[in-house]
Amino acid sequence: MKTLPDLDNCLVVFDEGHHLPAVALDQFSNAMDLSNLRWLDKLPKAMNEVAGKLALHVGEDVQTVTSQLKGALTTLARMAMELVWAHTGQNARGEGNDGTLRFANGVLPDALRDPVTQVHAQANGLSKALEAICTVPLSVRAYNSLTSNPAVTSLPEWIPAETAGPNATKVLTRLSGKTLRVGLPGAYTYQGFHNVILPLIPEVAAEAALDRAVFAGGCAESSDASVGTLEVDILKLYSDDFIAQWDGFLRDVRLAPITDLSVATANLKDLASADSTLKRLLRAVVTETDLTAVPPEPEEGADASGGIVKAATKKLGKLGGLVAKGTKSADKIGLGGEESGAPADPPGTVVAQHFAPLKATIAEVDGNPPLITDAETALGALANELQTVAASPDPEAALVSRGGLPQLTGQLANVASL
29 MKTLPDLDNC LVVFDEGHHL PAVALDQFSN AMDLSNLRWL DKLPKAMNEV
79 AGKLALHVGE DVQTVTSQLK GALTTLARMA MELVWAHTGQ NARGEGNDGT
129 LRFANGVLPD ALRDPVTQVH AQANGLSKAL EAICTVPLSV RAYNSLTSNP
179 AVTSLPEWIP AETAGPNATK VLTRLSGKTL RVGLPGAYTY QGFHNVILPL
229 IPEVAAEAAL DRAVFAGGCA ESSDASVGTL EVDILKLYSD DFIAQWDGFL
279 RDVRLAPITD LSVATANLKD LASADSTLKR LLRAVVTETD LTAVPPEPEE
329 GADASGGIVK AATKKLGKLG GLVAKGTKSA DKIGLGGEES GAPADPPGTV
379 VAQHFAPLKA TIAEVDGNPP LITDAETALG ALANELQTVA ASPDPEAALV
429 SRGGLPQLTG QLANVASL
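Using our numbering, the letters of the sequence shown correspond one by one to residues 29 to 446.
Put into structure tokens, the structure is as follows:
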């Protein structure tokens, strides 16, 4: 096996040889700055701010740990300087002379063992506090930062009672016991997504990428995370939460219990109407969850150049620009097209597809009539029957002849299953 270079390269070897002593020393030595400790004063505030924005608990009292570490380093510095000056002597002003003190055989003097041990112990505590931030994936920390951004938290809530009409509290109820005045965070709405979330994602991803360089290299788990990858992951986490928020709400809403004939008559009259409480609520939910819906065309007289595509791209925020560029990040998020040049899926497609069946319930899709049409017909017939019962001379007897209120409410449940 050949281990030496050709003779033609010997001059190169000799030229580089002068670096060897310094390289060798670097391999078997270390250095510590004991004079500049101001960074320890700033560290607790910085860490608490980072942990607060990422909704994390660092697990250690950073203020106490850094204070103890600074005290241990100060003590070590004082003792080290006393040892050096005892070796180099003092000048006429009583100050220590500059010099170098080498420990015999590289062994730490007994006088420094205790303070160095204290420094090591406090540094370990600080290291654990820093590592606590790394226990959460970088993409999750970035997403937490996004959702805690003031522009996101200040978004108005979506309130069901404000969209379902005047009879909402009579016709609908919630299994959780919450009222229809308790809504969903504004971040998980159409406007919140397009006007705030999308424009912020590139900014948050870029800031999170810088996290790799924080605290001497950052977290190992995110050492190879690119801004593009973070954008993909952040949007994925957001989409999952968006779907969970609305699925949870829809599972929570129910038709209010029918307690007597008057309630049944009033509620069925509402449910059978063309603008029923149920249809209003479903329309509102579809409006908020159909994230790929194209914004309306500009009004007459406005600049309509580019048409719907231009308007949609503008609405999609900064990430919308990735549609035209066809970048890899856009492809992963659902923005980029195929290599063949197929149209790109806009951001929000995952959410829109998840709630597509709901849209088909109240709107015509691909030429098919709304699925709620059959239910409305059945509800109308049931409402007419109840009105006939209520108008009879003896409503109670008429109700009993039709099987009683349980029979009619059972029919209502059958209609609801449609």
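Glycine is no exception: its CB is placed at the ideal position from the N, C-alpha and C atoms.
Integer-rounded CB distance, given that residue j should sit under 8 angstroms from residue i
i	j	result
residue 220	residue 265	Not really, about 15 angstroms apart at Cβ, beyond 8 angstroms.
residue 75	residue 157	7 angstroms
residue 105	residue 62	4 angstroms
residue 166	residue 79	The Cβ separation is near 14 angstroms, so there is no contact.
residue 310	residue 390	5 angstroms
residue 144	residue 154	Actually they are not in contact, since the Cβ atoms of residue 144 and residue 154 sit about 16 angstroms apart, beyond 8 angstroms.
residue 400	residue 297	That belief does not hold up - the Cβ atoms of residue 400 and residue 297 are roughly 17 angstroms apart, past 8 angstroms.
Straight-line gap, residue i to residue j (C-alpha atoms, nearest Å)
i	j	result
residue 131	residue 234	47 angstroms
residue 230	residue 197	41 angstroms
residue 142	residue 93	17 angstroms
residue 355	residue 232	Note that residue 355 scores 37 on pLDDT, short of 50, meaning its location in the model is unreliable and no value can be drawn from it.
residue 398	residue 380	17 angstroms
residue 180	residue 213	9 angstroms
residue 393	residue 387	8 angstroms
residue 363	residue 255	Residue confidence is low: residue 363 scores 45 on pLDDT, short of 50, so the model does not pin down where it sits. No coordinate-derived value is stated.
residue 146	residue 374	56 angstroms
residue 302	residue 267	32 angstroms
residue 102	residue 163	31 angstroms
residue 218	residue 273	13 angstroms
residue 26	residue 210	Nothing in the structure corresponds to residue 26, since the chain is present only between 29 and 446.
residue 73	residue 133	42 angstroms
residue 124	residue 138	22 angstroms
residue 312	residue 289	30 angstroms
Pick from the options that is closest to residue i, judged by C-alpha positions
i	options	result
residue 271	319, 236, 109, 187	319
residue 299	313, 403, 237, 267	403
residue 377	91, 322, 200	322
residue 285	201, 89, 259, 310	201
residue 114	392, 290, 129	129
residue 64	99, 78, 89, 79	99
residue 126	133, 109, 137	109
residue 174	296, 374, 269	269
residue 178	186, 215, 211, 159	215
residue 283	146, 382, 304, 274	304
residue 90	373, 290, 400, 152	152
residue 384	112, 133, 275	275
residue 259	96, 211, 295, 228	228
residue 95	210, 107, 66	66
residue 68	59, 97, 290	97
residue 382	292, 118, 314	314
Delimiting residues of the alpha helix (DSSP H) encompassing residue i
i	result
residue 279	255–280
residue 228	226–238
residue 102	90–116
residue 386	384–390
residue 181	178–181
residue 167	166–175
residue 307	305–317
Boundaries (first-last residue) of the beta strand (DSSP E) holding residue i
i	result
residue 299	Note, residue 299: premise wrong, no beta strand (DSSP E); alpha helix (DSSP H) at 289–299.
residue 200	200–202
Counting Cβ pairs closer than 8 angstroms, one from the segment 275–292 and one from the segment 163–180, do we hit at least three? no
Counting beta carbon pairs with one atom in the segment 220–231 and one in the segment 192–206, are three or more of them shorter than 8 angstroms? no
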